[in-house]
Structures are given as structure tokens and as C-alpha cells.
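Enquirer:
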Amino acid sequence: TKGLDRSRGVHKKLGIVSSASWSDNSKWTITIQSSTPCDNTTAKISSNMLIMCTGSRPKVGSLPVSHLKDIGLDPALKPSSLSATLSRDSKITVAVIGASHSAILVLQNLYNLACSTHPFIRIKWFTRHPPRYAEQRDGWILRENTGLKGEVATWARENLEAGKLELSNVRKYLEKVECSREKEDEIYKEHMPSCTHIVQAIGFTPQELPIFEKDGSKLDLNYNHLSQEFEEKGKKISGLYGAGIAWPERVTDPEGNVSLEVGLLGFMESVKTVAPYWQGSLGANLI
């Protein structure tokens, strides 16, 4: 965000938003607590429009075993961090859960370490389904938001598909463990005791939000994925919107498949579409 420091009309305020309150003078007022240790000062900023770009964190599911060291999805996606996290001299078996783009990239990163600087790494890949790919159609892309793309898709096709894994060098380091929702815990109990570390690539959950109030009463927020607005009891909440991975747009492709628009380009395109509508909707049929 350093580039924003040089942007005309942009003022950056570091801190933690603890509350947001809507008043009858048609303005949001947010309370910001200092993020500096031992600094208890607060600041208040008011505006007629509040856009939530609060981000998400990787989901962590419950497991029937407790001895595994959690590498974390973010470090596992960065080869340098992953290399620094794992020992080069000890036997390590990493359980990787998921079949998303992130999961396959983690598998690729672990494999690259195993056949170079970390020869004692072994991988158990827990997945409910084979890799799914984004597919070019006539003027649109099937599974554009959920399918594998680019180099990750190529690597998966060459090394993880049935009939390919058995012949690939990847098989020396990776064992595929097929799961189902109904038998997942049973399979985990069977295979995870031999693992030492884990990476869960099973999606993201929105970060915790501050308290939202209107005239002193707490608001019960619901998010509309089509207009990217917030609602309460079916009514729009004035001047409150969402964008980014925590608040994506819901889209439907020509075959009727529904997905959430994720990815930086998707976020930018959806905001460009709805921003003029946000600006024009203030004061119309709102709470």
C-alpha cells in the first residue's frame, strides 16, 4: 500500500477499527484504536460511505489428531518461507488437505523442496476429488473462479492425474489419499498418525468485523453478493458496502454454474461495475 501514500486525495490511517456507527445526519463514524503497543489513543473519522475491504484468513478445520505441526497456508505458498520452516535433515511427512489452486501450488512447492534441498520430505495429499481446471469456452471460461490455471494447471495435468501420477517422479514423494465427506474423519485417523506437519488449503473465512450500530442499536448485517451491499431485515443499509476476498460478487456463467468472483482482477472488475451504483444509491430505500 506504499503507493497510496503518494496518491492525491488518499489519507492512510493505521490502526484497528473497533466500531462503526450510523447517525441520522447520514454519516458513518468509525472509531480507530492505535495499533502501536502501549498507545491507547483513539481517533474518529466520519463519512457518508464506508467500504469494507477487511480481507479473509485461511480456514482451519477440526482434525481427529492433535500432534501435527501447522505450517500455515500463507508460508506454504511462499517457497522461501516454506524452505525456512522445514528441516533439511529430519524425516518430515506433510499432510496437505484440499484440491484448490492453493492446495496444488503447496504440493508443487513441497515437491520442489523434496527433490532438491529437503530430500527427507514426503507428502500425503488428502482430496475429495481430482483436479478441476478452468476451461476456455466460446467467449467465456468454465470454472474461471474455481479451476486450476496457468503453470499450476499444467503441473497438475502432468503429475497428478490418474495414470500420470503413477509414472511421474512426483510419486516418489507424494501419496494421494482419496477422501469423501462421509468417511473423512475415518481416513484422517488412518493416515495422519504417520504425518508430522499439516497444511489446510480448504478456503478462506472473513476476518472478524467491528461492532456496527445505528442510533445506539447493534446492526445485524447480511451481505448481498449481487449488489455488494449490506442489508438488515431485507433493507439496504445506507452507505455500507463490501469488496475483496471477504465480500466477493456472486456470478453465474452461461451454463448456470454459480460461483464467487475471487482473484485480484475479479475484485477490480466488480468494484468498477458497482461503484457508480453505490454512489447513486445513497438515500434511496435505505435504513
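Note that the numbering used here has the sequence shown beginning at 428, numbered continuously upward.
Quick reminder that beta carbons are idealized off the backbone N, C-alpha and C, glycines included.
Apply the 10 Å Cβ neighbour rule to residue 470 and answer buried if 16 or more other Cβ atoms are within range, or exposed otherwise.
Expert: The residue is exposed, with fewer than 16 neighbouring Cβ atoms inside 10 Å.
Enquirer: Whole angstroms is fine: what's the gap from residue 696's alpha carbon to residue 669's?
Expert: Approximately 14 Å between the Cα atoms of the pair.
Enquirer: What would DSSP say about residue 678, mapped onto helix, strand or coil?
Expert: Three-state DSSP puts residue 678 in a strand.
Enquirer: Considering only their Cβ atoms, is the gap separating residue 523 from residue 550 smaller than 8 Å?
Expert: Yes.
Enquirer: Identify the continuous beta strand (DSSP E) that holds residue 651 and give its terminal residues.
Expert: Unbroken beta strand (DSSP E) run through residue 651: 649–651.
Enquirer: So, do the stretch 478–497 and the stretch 675–689 have three or more beta carbon pairs nearer to each other than 8 Å?
Expert: Result no; under three Cβ-Cβ pairs closer than 8 Å.
Enquirer: Mapping the DSSP letters down to three states, classify residue 672 as helix, strand or coil.
Expert: The answer is coil: DSSP assigns residue 672 none of H, G, I, E or B.
Enquirer: Indicate whether at least one CB of chain C lies closer than 8 Å to the CB of residue 451.
Expert: Given the protein chain composition of this structure (a single chain), no chain C is represented.
Enquirer: Check each candidate in 508, 554 and 698 and name the one with the smallest Cα separation from residue 606.
Expert: Among 508, 554 and 698, the Cα nearest to that of residue 606 belongs to 554.
Enquirer: Using the C-alpha atoms, what's the distance from residue 560 back to residue 504?
Expert: In a straight line, the C-alpha of residue 504 is about 19 Å away from that of residue 560.
Enquirer: What three-state label does DSSP hand residue 510 in the structure shown?
Expert: Here residue 510 sits in helix by DSSP.
Enquirer: The alpha helix (DSSP H) with residue 529 in it runs from where to where?
Expert: Segment 528–541, the alpha helix (DSSP H) holding residue 529.
Enquirer: For the stretch 570–597, list the alpha helix (DSSP H) runs that are entirely contained and at least 4 residues long, ordered along the chain.
Expert: Listed in chain order, the complete alpha helix (DSSP H) runs (minimum 4 residues) inside the stretch 570–597 are 577–586.
Enquirer: May I ask you to report which of helix, strand or coil DSSP gives residue 609?
Expert: Residue state, collapsed to three classes: coil.
Enquirer: Taking residue 633 as part of the beta strand (DSSP E), name the residues at either end of that continuous run.
Expert: That run of the beta strand (DSSP E) goes 631–633.
Enquirer: Among 568, 558, 567 and 596, which one has its Cα closest to the Cα of residue 579?
Expert: Checking every option, the nearest Cα to that of residue 579 belongs to 558.
Enquirer: I need the straight-line Cα distance from residue 627 to residue 583, nearest angstrom please.
Expert: Each residue's Cα considered, the two are about 18 Å apart.
Enquirer: Name the DSSP bridge partner or partners of residue 478?
Expert: Partner(s): 668.
Enquirer: Pull up the distance between the alpha-carbon of residue 515 and that of residue 528, whole angstroms please.
Expert: In a straight line, the C-alpha of residue 515 is about 26 Å away from that of residue 528.
Enquirer: When burial is assigned at 16 or more other CB atoms within 10 Å of the CB, is residue 487 buried or exposed?
Expert: Counting Cβ neighbours within 10 Å, residue 487 comes out exposed, since fewer than 16 surround it.
Enquirer: Whole angstroms are fine: how far does the CA of residue 671 sit from the CA of residue 481?
Expert: Rounded to the nearest angstrom, the two C-alpha atoms are 8 Å apart.
Enquirer: Between which two residues does the beta strand (DSSP E) holding residue 522 run?
Expert: That run of the beta strand (DSSP E) goes 519–524.
Enquirer: Would you tell me roughly how many angstroms separate the C-alpha atoms of residue 447 and residue 693, rounded to the nearest one?
Expert: Using only the alpha carbons, I get a separation of about 27 Å.
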